[in-house]
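Protein chains in written order, with our numbering: chain B, 88 to 832; chain A, 88 to 832.
Heads up, the beta-carbon is just placed ideally off N, CA and C, and yes, glycines get one too.
Reviewing the structure listed below.
Number of protein chains: 2
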Amino acid sequence: MKKLYLLLFAALFCIAAAQPIKDYTGFKEASAIKQRGLEGRYDSLIKAADIDEYLKHLSAHPHHLGSANDRANADYILQKFRSWGYEARIDTFYALFPTPKFRLLEEISPNTFKAGLAEPALKEDLTSSQTAEQLPTYNCYSADGDVTGELVYVNQGAPADYDDLERMGVDVKGKIIIARYGGSWRGIKPRLGQEHGAIGCIIYSDPKDDGYYQGDVYPKGPYRNENGVQRGSVMDIPLYPGDPLTPGYADTEHAKRLDRKDVTNLLKIPVLPISYQDAKPFLAGLSGQVVPERWKGALPFTYHVGPGPVKAHLKLQFNWDVKPVYDVIATLKGSEYPDEWVIRGNHYDAWVNGADDPISGQAAMLNEAQAIGQLAKEGMRPKRTIVYCAWDGEEEGLLGSTEWVEANATELQQKAVAYINTDATARGFMYAGGSHTLQKLVNEVATDVQDPEMNISILDRAKARQVIDAKPKEQKEMLSSSEYKIDALGSGSDFSPFLQHVGIAALDIAFGGEGNGGEYHSIYDSYDMFKRFKDPGFQYEVVIAKTAGRVTLRMANADVLPFNFQDFYSMINGYATEMMKNMEEMRTTTEVNNQLVKEKYYTRSSDPTITYVAPTAKDVVPYLDFSALQNALAALKTSAAQFESLSVGAEQLPETTIHQLNILLYQSERKLLMETGLPDRGWYKQGIYAPGYYQGYGVKTLPAVREAIENRKWQLAQQQSGLTAKMLLAYSKQIDAAAELLKKK
Amino acid sequence: MKKLYLLLFAALFCIAAAQPIKDYTGFKEASAIKQRGLEGRYDSLIKAADIDEYLKHLSAHPHHLGSANDRANADYILQKFRSWGYEARIDTFYALFPTPKFRLLEEISPNTFKAGLAEPALKEDLTSSQTAEQLPTYNCYSADGDVTGELVYVNQGAPADYDDLERMGVDVKGKIIIARYGGSWRGIKPRLGQEHGAIGCIIYSDPKDDGYYQGDVYPKGPYRNENGVQRGSVMDIPLYPGDPLTPGYADTEHAKRLDRKDVTNLLKIPVLPISYQDAKPFLAGLSGQVVPERWKGALPFTYHVGPGPVKAHLKLQFNWDVKPVYDVIATLKGSEYPDEWVIRGNHYDAWVNGADDPISGQAAMLNEAQAIGQLAKEGMRPKRTIVYCAWDGEEEGLLGSTEWVEANATELQQKAVAYINTDATARGFMYAGGSHTLQKLVNEVATDVQDPEMNISILDRAKARQVIDAKPKEQKEMLSSSEYKIDALGSGSDFSPFLQHVGIAALDIAFGGEGNGGEYHSIYDSYDMFKRFKDPGFQYEVVIAKTAGRVTLRMANADVLPFNFQDFYSMINGYATEMMKNMEEMRTTTEVNNQLVKEKYYTRSSDPTITYVAPTAKDVVPYLDFSALQNALAALKTSAAQFESLSVGAEQLPETTIHQLNILLYQSERKLLMETGLPDRGWYKQGIYAPGYYQGYGVKTLPAVREAIENRKWQLAQQQSGLTAKMLLAYSKQIDAAAELLKKK
C-alpha cells in the first residue's frame with residue numbers, strides 16, 4: 088500500500104507545484120511546496136465514511152460524564168489514537184457532579200397540574216428509546232430545594248428584564264421565577280433570580296426560540312417539539328469553570344477540596360428545565376400585566392407577568408457525587424521542536440447521545456488525527472508536537488479541559504504554541520473565533536478548502552455570510568476589505584481555560600447556519616437526527632476536518648509561526664474605540680434619562696390604571712482618563728508595524744534565531760494576562776477576551792474596563808484602564824524583542 | 088335658567104380674568120378675555136351623561152350605509168341639530184354600494200374544510216346577537232368571482248413582501264393569496280396581488296396584530312378573539328375616494344355615472360376577510376419554504392409560504408346596488424363673517440354597531456354642537472359660520488364627505504376657513520394631525536384642556552407620549568423644543584377630500600393609546616365593549632369634545648385667523664431634507680447592492696438546498712437638480728419670517744383690512760394644490776400631503792417628488808420637483824400679499 092501512497096503523493100505534488108506558492112505565511116518556499124503536497128495527501132485521507140462510523144459509534148448510547156458509556160467511549164478513543172501511532176493516555180480528574188435523585192414540579196393552585204418532565208421516545212428516532220441510560224431532564228448544579236410560591240414570568244431573566252420588572256412594580260422576592268431559554272446563558276437566569284430574592288427557578292424552551300416558530304418540529308422537521316427539553320449546566324462559569332470544589336487548581340484524586348457550602352460558583356436555589364408542553368399551564372394561568380413586546384413568546388395565549396395566581400411547588404434533590412473525569416490525551420512528538428506543542432481538542436462527553444454536540448466535532452477530529460498519524464507513518468511527521476485532547480465533562484462546566492490546564496499550567500505556558508478547539512458542527516458556513524493574531528492564518532487556510540456545496544472556497548462563503556449578515560451601514564466598509572474577520576471568544580467550550588486562564592493563543596472553529604434545529608441537549612440530538620438534518624452527507628464533517636487539520640498542520644510545520652500583530656492591533660483598537668464611544672453614548676442617554684425623569688416624561692406617558700414605576704435619575708457619567716490606554720494602543724501599533732516590515736524573509740534567519748523568535752512569538756500571548764486577573768473573578772486572567780459576567784457565553788472585549796463602565800463603577804474603570812494599558816505595553820515589548828531578533832537578518 | 092347661567096358665566100369670567108391672557112393667538116386682548124369666558128361656559132356644557140346617551144342610542148343597532156337604522160340615525164342627528172338651534176338638512180347622494188349575495192370559502196384539497204364566516208353572539212355583549220341586522224363579514228368593492236387555486240401566504244401583501252416572494256422563487260400568478268391584516272391598508276393587499284396575477288385574495292386577522300399576542304381577547308379582554316373579523320373597504324382609495332362611478336364630481340341622483348367596467352379604482356378579483364379560526368386550516372396546511380422572520384404571525388405552527396398543497400375555492404357574489412348617502416349638514420350662521428365657514432365633521436355610518444368607530448367621535452361632536460348651540464342662545468354666537476357635518480358612507484371610501492366636497496367645491500374654496508375632523512376615539516393621549524399652519528393653534532388649545540387622569544394638560548401628556556415614543560437619538564432634540572408636533576395626514580377619514588382635493592386647511596384629532604383593542608370593524612365594536620374597555624367613564628369623550636370644540640370656537644372667533652407659516656416652513660423643510668437624504672441613502676444602498684450582486688454575495692450566503700433567487704442589480708441613482716425646490720423653500724422661509732414679525736399687533740388693523748387679511752390667510756392653503764394633481768392620480772391635488780400609493784392610509788409628504796424617487800422614476804422626480812417648487816412659490820406669494828396688508832399698520 089505504501090508505494091501507491093507515494094505515487095499518489097507525487098502526483099498531487101506535481102499538480103500543486105504548477106501553481107504559484109502563496110498564502111503560506113511563515114513557510115520558506117521549499118517548506119511551502121512541501122506543505123502543500125502534504126495537505127493534498129492529508130485531504131485524501133479524510134473520509135466521510137470514517138467520520139460516519141465514529142459518529143455512529145460514539146453516539147450509539149447516552150454517554151454523560153460518569154456513565155459506563157462515557158468510560159467506554161474514552162477507551163474507544165484511546166485505542167483509536169494508539170492504533171494511529173499516537174502516544175495516548177487517559178488523565179483522570181475527580182469532579183463534583185450532581186445527578187437527580189428526585190424531581191417534582193406541580194401547580195398547586197388555582198388548578199392542579201403535575202409536569203411530566205419526560206421526553207418521549209419517537210419511532211423515527213432509534214436511540215430516543217434508551218430511556219434507562221438517559222440522564223433525566225435537569226440543570227446540573229441546581230441546588231437541592233423544596234419550595235412553594237407564586238410564579239413570576241421574567242422573560243429571559245437577564246438584567247434588562249429586571250429593569251422591566253421594576254417598571255411593572257413586580258418583585259420576585261419569595262417567588263418562583265419562570266424564564267425562557269435564550270438571550271443570556273442559562274446559568275445567568277437562576278443566578279440573577281437568586282440575587283433578586285427568588286426562591287426557585289424554572290427554565291423552559293419557548294417555541295419562539297427553537298420550536299415551531301422557527302420551523303417544523305421533530306420528527307417532521309429539525310426544531311424542538313413540545314416535549315423537547317434543554318438540559319444544561321447552571322454552574323456560575325463566568326466566575327470560574329472547572330470543578331467547583333477546586334477553583335484554580337486541579338481536582339486530582341487527593342487534592343484538597345472546598346466544602347460545598349463555601350463554594351462561590353454554586354447556586355442556592357433549585358432550578359429545573361422543562362418543555363413548553365409542561366410550561367403551558369403555568370404560563371397561561373398567570374395574571375398581572377401583559378408583558379412588554381420583547382418578552383412575548385410564541386405560545387398561543389397572552390403572556391402575563393404575574394405574580395400568580397398560579398402557585399408552583401418545586402422539589403429537587405440530587406446525588407452530590409464526585410465522579411472521575413477522563414481526558415484522553417494523545418501526543419505525536421514533533422520531529423524538530425518536540426517542546427513546542429500545537430494542541431487540538433474537542434470534548435466527547437454529552438448530555439445524552441449528543442450526535443451533534445459534541446460527537447460531530449469529536450468524530451471529525453478523530454479522522455483528522457488518523458490522517459495526521461498516517462502522514463507521520465508516510466514520513467511527514469510534524470515539526471512540532473501535536474497534542475490531541477478528547478475532553479470529558481465539558482457539559483458540566485469545562486471540567487476536563489479546565490482541570491487539565493490547571494494541572495499542567497506551568498508546562499503549557501512554556502510549550503503551548505496554540506490551542507485549536509472544535510465542538511458541535513453542522514452544514515453551512517465556517518465560523519471562526521479566537522486570538523486575532525491568528526486571523527490571517529484562518530484566512531489563508533480557508534482559501535485552500537473548498538466548500539462542498541458551491542464551487543468556491545469556504546472563505547468566500549464565510550465572508551459572504553458575514554457581509555450579508557452585517558448592518559447595511561457596515562456592508563460598504565466590509566466590501567472594501569478582503570479579510571474574513573474572526574470573532575472574539577467568550578466561553579461555552581474548552582478553549583476558555585487555555586485562552587483566558589493561562590494565555591495561550593486559541594481558535595474555535597465550527598460550521599453551521601444550514602443545519603439549524605432544536606435538538607440541543609435533548610434526547611433527540613441523535614444519529615438519526617444528524618443524518619436527516621445536521622449534515623446528511625457528512626460533507627461538512629469532512630470540511631471541518633480539512634480546515635481544523637490544516638490549521639493544526641500549518642502551526643505544526645511553519646518555519647516562523649504565523650502570528651500577525653497588525654490584525655491584532657487593528658481589532659483591539661476597534662474594540663477600544665467602540666468601548667469609548669459606548670461610554671460617550673452612556674453620557675448622552677444618562678443626560679436624556681435624567682431630564683426625562685426630572686420633567687416627569689415617564690410618568691406622564693404611562694397609563695395611570697396600570698402599575699408603573701418610573702425610572703429614576705442615574706449618576707452622571709464622568710470623563711475618564713483613557714490616555715494611558717490610548718498611548719499603549721499607539722505603542723502597539725508602532726510595534727506591530729515594525730515587526731511586520733522586518734518580518735519579510737524571516738524564514739531565512741539562522742535556525743537558532745528562528746527558534747528563539749518562535750518562542751517569543753507564541754509566548755507573547757502570555758503577556759495578555761493581567762496580574763490580578765479580572766476584578767472579582769481572578770480566574771479569568773486574560774485582559775482582551777472574557778465571557779461577560781451577565782452574558783455567560785457572550786464575549787466582552789477589554790473586559791476589565793468595559794464591564795466596569797457598564798456597571799457604572801467609574802473608579803474601577805479608571806484603574807482597570809491603567810492596568811489594561813500596562814498589559815498592552817508588556818505585550819508590545821515582547822513584539823519589540825521579537826523585532827530585535829529580526830534585525831539580525 | 089338663563090339667570091343662573093349668566094351668574095355662572097360671570098363667576099367663571101372673574102376667575103379667568105385674574106390670570107394673564109396668553110396663548111390666544113389672533114385675539115385682541117378684549118376678545119381673548121371674552122373667549123376665555125366663553126370656553127369656560129362651553130366646558131360646563133359638555134356632559135359625559137349626554138355623550139353616553141347619544142353613543143348608546145346611535146350604536147344600539149347595526150347601522151351601515153343604506154340600512155334603515157342608518158337612515159334613522161341620520162334623522163336622529165338632524166333633529167338633534169335642529170333642537171339645538173342649527174339650520175340643519177340632509178344632503179343626499181347616490182353611491183355604488185355592493186353587499187354580499189353569496190359567500191363561500193372552502194379548502195377542497197388535500198383536506199376539506201368550509202370556513203364559518205360568522206362572528207358568534209356573546210352573552211357578555213348585548214348587541215352582538217343582532218344577527219339579522221348585521222352586515223355579513225366581507226370586503227366592500229371586492230369583485231364577484233368564483234375561483235379555485237393553490238394558496239400562497241404573502242404576509243401583509245405589501246411591496247416588500249413581493250420582493251421576498253421573488254427571493255423564494257414563489258409566483259402568485261393563478262394562485263389565491265392569503266394575507267394578514269396590517270402593515271399597509273387592506274385595499275393594497277388585493278390590488279398588489281391582482282397586479283402580480285393572483286386570482287383571489289383572503290385577508291385574515293392574525294393574533295399577532297390585534298389578538299392574543301397583544302392582550303387578552305374579548306370578552307375577557309379587549310383584543311380580537313378567534314372569531315373576530317375585520318370588515319372593510321377595498322376600493323382603491325389612493326387613486327380616488329368617493330363613489331367609484333363619479334370620479335371628481337358629485338353622484339347626485341341624475342349624475343352621469345361610469346359603467347362599472349370602466350371604473351379604475353375597483354378590483355377585478357374577489358377578496359374576503361376572515362377570522363384566524365377560519366384561517367388556521369389554510370395556513371397550517373401550506374408547505375414550501377418557512378417564511379422570513381418578519382412574516383411570522385402568532386398562530387401556534389410553522390408558517391410556510393406555499394404554494395399549496397392547500398387548494399382553496401372562493402366564490403363571492405354581490406348585490407351591486409346604488410344606495411342613498413345621507414349627509415347631515417347643520418349650520419350656525421356667524422354673527423360677523425357668515426361667509427367664512429369653520430367646518431367640523433365626523434361620520435356616523437358604521438360597519439356594524441360601531442360604538443367606537445365612529446360613534447365615539449360622533450356622540451362627542453353632537454354634545455359639542457349642542458354646547459355651541461347653547462352658547463349662541465346665551466348670546467355667544469360665533470363670529471364665523473360653523474358647519475357641522477355628520478357624514479354617511481365613510482366606511483366604504485369617504486363617500487359622504489367626498490361627494491359633498493365635490494358638489495360644493497367652488498363655494499368651499501371661497502368660504503372654508505378650515506375643516507376639523509374626528510372619528511373613533513378612546514382613553515389616552517391626544518393625537519393630532521393636519522396642516523402644519525395649525526400646529527400652534529393645536530398647542531394653544533391643548534394647553535387649556537386638562538387631562539382627566541392626571542393633574543396636567545393634555546398637551547403635557549401628548550408631548551410626553553411623543554418624546555417617550557421617539558428614537559433615543561431624537562429625544563434629546565425634542566426635549567429642547569416646547570412644541571407638540573402634529574402629524575402629517577394621509578387618508579382613512581373624512582379630512583381627505585377637504586385637505587387633498589380642494590386645499591382646505593384640515594385637522595384630525597383623536598385620543599387613544601390606553602383603550603386599545605381588537606374590535607375594529609367587527610360586531611364586537613359595541614356599547615358594552617366601549618363601556619368596559621375604550622373609555623369606561625366617558626372622560627375622554629368629554630375631553631375630545633372640549634378639545635375639538637375649542638379648536639372650532641377659536642377658529643370661529645379669532646380676530647386674525649391663527650395660521651402660522653413658520654411652523655409650516657419648518658416641518659416642510661424637514662420633510663424635504665429627509666427626502667433628499669433618503670435619496671442619498673438610496674444611492675449608497677444601490678451601490679452596495681450592485682456590488683453584492685456582482686460579487687455574488689447573495690448567492691454565496693444562501694443555502695443551495697433551498698430555492699433562492701438572488702436580487703439583481705438596480706439602476707444607478709442619478710443626482711437630481713433640487714435647486715428650484717431648495718430656492719422655493721428658502722423663499723418660503725423668508726416670507727414666513729417676514730409675516731411673523733409683521734403680524735405682531737395685527738388685531739389692531741382696521742376691520743376691513745383684517746377681513747381682507749383673513750381671506751388671504753385661509754385661502755393660502757388653496758395655493759398648495761398642484762395644477763395637474765399628483766402623477767397618475769390627479770384627484771389628489773395637494774402637493775404636501777397624500778396617502779401613499781402603496782400604503783393606503785399612511786402619509787407621503789411632498790408626494791409627487793417622493794413617490795417618483797421611491798419608484799426610481801428619475802425624470803418624473805425631476806419634473807415634479809420643479810412643479811412642487813412652483814407651488815411653494817405661489818404659496819409664498821400669498822403670504823407676501825398678506826404681509827403687505829400688515830404693513831398698513
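Q) How would you call residue 381 of chain B, buried or exposed, if buried means at least 16 neighbouring beta carbons within 10 angstroms? A) Locating residue 381 of chain B in the first sequence gives position 294, where the first residue counts as 1. Burial is judged here by how many other beta carbons sit within 10 angstroms of a residue's own beta carbon; residue 381 of chain B has fewer than 16 and is exposed.
Q: List the residues that DSSP assigns as beta-bridge partners of residue 233 of chain A.
A: On the second sequence, position 146 is the one that residue 233 of chain A refers to. DSSP output for residue 233 of chain A lists A/402 as bridge partner(s).
Q | Per-residue contacts from residue 679 of chain A into chain B (C-beta, under 8 Å) | A | The count along the second sequence starts at 1 and reaches residue 679 of chain A at position 592. Residues of chain B whose Cβ lies closer than 8 Å to the Cβ of residue 679 of chain A are, in chain order, 559, 562, 563 and 566.
(Q) Does the stretch 425-433 of chain A come into contact with the stretch 297-309 of chain A, if we say contact requires no fewer than three beta-carbon pairs (one atom in each stretch) closer than 8 Å? (A) The stretch 425-433 of chain A vs the stretch 297-309 of chain A: no contact.
Q) How long is the line joining the alpha carbons of residue 157 of chain A and residue 454 of chain A, rounded to whole angstroms? A) By one-based count along the second sequence, residue 157 of chain A stands at place 70. By one-based count along the second sequence, residue 454 of chain A stands at place 367. Between residue 157 of chain A and residue 454 of chain A, the C-alpha separation is close to 20 Å.
Q.
Please state the DSSP three-state secondary structure of residue 382 of chain A.
A. Residue mapping note: residue 382 of chain A aligns to position 295 of the second sequence, counting from 1. Residue 382 of chain A falls in the helix class under three-state DSSP.
Q | Whole beta strand (DSSP E) elements within the stretch 603-680 of chain B, 3-residue minimum | A | Whole beta strand (DSSP E) segments, 3+ residues: zero.
Q: Could you have a look at residue 177 of chain B and say whether DSSP puts it in helix, strand or coil?
A: Numbered from 1 along the first sequence, position 90 holds the residue referred to as residue 177 of chain B. Taken through DSSP and simplified to helix, strand or coil, residue 177 of chain B comes out as strand.
Q.
With three or more C-beta pairs closer than 8 Å as the rule, is the stretch 775-785 of chain B touching the stretch 315-331 of chain B?
A. Segments in contact, yes.
Q. Of all Cβ atoms in chain A, is any one closer than 7 Å to the Cβ of residue 601 of chain B?
A. Residue mapping note: residue 601 of chain B aligns to position 514 of the first sequence, counting from 1. Taking 7 Å as the threshold, the shortest C-beta distance from residue 601 of chain B to chain A falls below it.
(Q) Quick check on residue 198 of chain B: buried or exposed, where buried means 16 or more other Cβ atoms within 10 Å of its Cβ? (A) As a first step, residue 198 of chain B must be located in the first sequence, where it is residue number 111. With fewer than 16 Cβ atoms within 10 Å of its Cβ, residue 198 of chain B is classed as exposed.
(Q) Let me make sure I understand the geometry here. Which of A/473, A/164, A/228 and A/826 has the alpha-carbon closest to that of residue 499 of chain A? (A) By one-based count along the second sequence, residue 499 of chain A stands at place 412. Answer by Cα proximity: A/473.
Q. Whose Cβ in chain A lies nearer than 8 Å to the Cβ of residue 300 of chain B?
A. As a first step, residue 300 of chain B must be located in the first sequence, where it is residue number 213. Under the 8 Å cutoff, chain A gives 383 and 389.
Q | Rounded Cβ spacing between residue 521 of chain A and residue 573 of chain A (contact assumed at less than 8 Å) | A | In the second sequence, counting from the first residue as 1, residue 521 of chain A sits at position 434. In the second sequence, counting from the first residue as 1, residue 573 of chain A sits at position 486. Going by Cβ atoms, the distance from residue 521 of chain A to residue 573 of chain A rounds to 6 Å, so yes, they are a contact pair.
Q) What residues in its chain sit with their C-beta under 7 Å from that of residue 97 of chain A, if we drop five residues either side in the sequence? A) Looking up residue 97 of chain A in the second sequence gives position 10. Caution is warranted here: a pLDDT of 39 is assigned to residue 97 of chain A, below 50, making its placement in the model unreliable, and no coordinate value can be reported.
Q | Simplified DSSP assignment, three categories, for residue 283 of chain A | A | Residue mapping note: residue 283 of chain A aligns to position 196 of the second sequence, counting from 1. Coil, per DSSP.
Q | Residue burial classification, residue 490 of chain A (beta-carbon count within 10 angstroms, cutoff 16) | A | For the purposes of this step, residue 490 of chain A is identified with residue 403 of the second sequence, where counting begins at 1. Per the 10 Å Cβ criterion, buried.
Q.
Closest to residue 216 of chain B by C-alpha separation, out of B/525, B/609 and B/431, would be which residue?
A. Within the first sequence, numbered from 1, the residue matching residue 216 of chain B stands at position 129. Nearest to residue 216 of chain B by alpha-carbon distance, out of B/525, B/609 and B/431, is B/609.
Q. With a cut-off of 7 Å, does the C-beta of residue 106 of chain B fall near any C-beta of chain A?
A. As a first step, residue 106 of chain B is located in the first sequence; it is residue number 19 there, counting from the start. With a pLDDT of only 41 at residue 106 of chain B, under 50, the local geometry of the prediction cannot be trusted, and no value is derived from it.
Q. Comparing alpha-carbon positions, which option in A/647, A/235 and A/753 lies nearest residue 743 of chain A?
A. Counted from its first residue, the second sequence places residue 743 of chain A at position 656. Residue A/647 is the option with its Cα nearest to residue 743 of chain A.
Q) What is the DSSP secondary structure of residue 537 of chain B, reduced to helix, strand or coil? A) Residue mapping note: residue 537 of chain B aligns to position 450 of the first sequence, counting from 1. DSSP places residue 537 of chain B in strand when its eight states are reduced to three.
Q.
Mapping the DSSP letters down to three states, classify residue 299 of chain A as helix, strand or coil.
A. Along the second sequence, one-based indexing puts residue 299 of chain A at 212. DSSP places residue 299 of chain A in coil when its eight states are reduced to three.
(Q) So that I know if they touch, is there some Cβ in chain C lying closer than 7 Å to that of residue 394 of chain A? (A) The structure shown contains no chain C; the protein chains it does contain are B and A.
Q. Excluding sequence positions up to five away, which residues of its chain have a Cβ less than 8 Å from the Cβ of residue 705 of chain A?
A. The residue given as residue 705 of chain A occupies position 618 in the second sequence. So the list reads 677, 680, 681 and 799, once near-sequence residues are dropped.
Q. Name the chain A residues that come within less than 8 Å of residue 555 of chain B, Cβ to Cβ?
A. Start at 1 with the first residue of the first sequence, and residue 555 of chain B comes out as number 468. Annotation: Cβ neighbours of residue 555 of chain B in chain A (cutoff 8 Å, chain order): 683, 688, 689 and 692.
Q) When DSSP labels each residue in this structure, what does residue 412 of chain B get in the three-state scheme? A) Counting from 1 along the first sequence, the entry for residue 412 of chain B is found at position 325. In the three-state reduction of the DSSP assignment, residue 412 of chain B falls in the strand class.
Q: Spell out whether any CB of chain B is found under 7 Å from the CB atom of residue 377 of chain A.
A: Taking the first residue of the second sequence as position 1, residue 377 of chain A is located at position 290. It does: the Cβ of residue 377 of chain A has a partner Cβ on chain B nearer than 7 Å.
Q) Got a sec: which bits of the stretch 490-514 of chain A sit with their beta carbon under 9 Å from any beta carbon on chain B, in order along the chain? A) For the stretch 490-514 of chain A, which is checked against every Cβ of chain B, the residues closer than 9 Å are 514.
Q: Whole angstroms is fine: what's the gap from residue 825 of chain A's alpha carbon to residue 817 of chain A's?
A: Residue 825 of chain A sits at position 738 when you count from the first residue of the second sequence. Residue 817 of chain A sits at position 730 when you count from the first residue of the second sequence. Cα to Cα, residue 825 of chain A sits roughly 13 Å from residue 817 of chain A.
Q. What residues in its chain sit with their C-beta under 6 Å from that of residue 60 of chain A, if we drop five residues either side in the sequence?
A. Beyond the ends of chain A as shown, which are 88 and 832, falls residue 60 of chain A; an answer cannot be given.
Q: Could you tell me how far apart the beta carbons of residue 658 of chain B and residue 505 of chain B are, in whole angstroms, since I believe they sit closer than 8 Å?
A: In the first sequence, residue 658 of chain B corresponds to position 571, counting from 1. In the first sequence, residue 505 of chain B corresponds to position 418, counting from 1. About 17 Å separates the beta carbon of residue 658 of chain B from that of residue 505 of chain B, a gap too long to meet the 8 Å contact definition.
**Q.** Exposed unless 16 or more other CB atoms sit within 10 angstroms - verdict on residue 334 of chain B
**A.** The residue you call residue 334 of chain B lines up with position 247 of the first sequence. With 16 or more Cβ atoms within 10 Å of its Cβ, residue 334 of chain B is classed as buried.
Q) Between residue 820 of chain B and residue 804 of chain B, what straight-line distance do the alpha-carbon atoms span, to the nearest angstrom? A) In the first sequence, counting from the first residue as 1, residue 820 of chain B sits at position 733. In the first sequence, counting from the first residue as 1, residue 804 of chain B sits at position 717. Taking the Cα positions, residue 820 of chain B is about 24 Å away from residue 804 of chain B.
Q. Applying the criterion that 16 or more other CB atoms from any shown protein chain within 10 Å of the CB defines a buried residue, is residue 587 of chain A buried or exposed?
A. Your numbering for residue 587 of chain A matches position 500 in the second sequence. Residue 587 of chain A sits buried, since 16 or more C-beta atoms from the chains shown fall within 10 Å of its C-beta.
Q) Which two residues bound the contiguous beta strand (DSSP E) that contains residue 425 of chain A? A) For the purposes of this step, residue 425 of chain A is taken as residue 338 along the second sequence, with counting starting at 1. Residue range 424-434 is occupied by the beta strand (DSSP E) that includes residue 425 of chain A.
Q: Could you tell me which of B/507, B/578, B/285 and B/511 sits nearest to residue 435 of chain B, measuring between CA atoms?
A: Taking the first residue of the first sequence as 1, we reach residue 435 of chain B at position 348. Nearest in C-alpha terms to residue 435 of chain B, of all of B/507, B/578, B/285 and B/511, is B/511.
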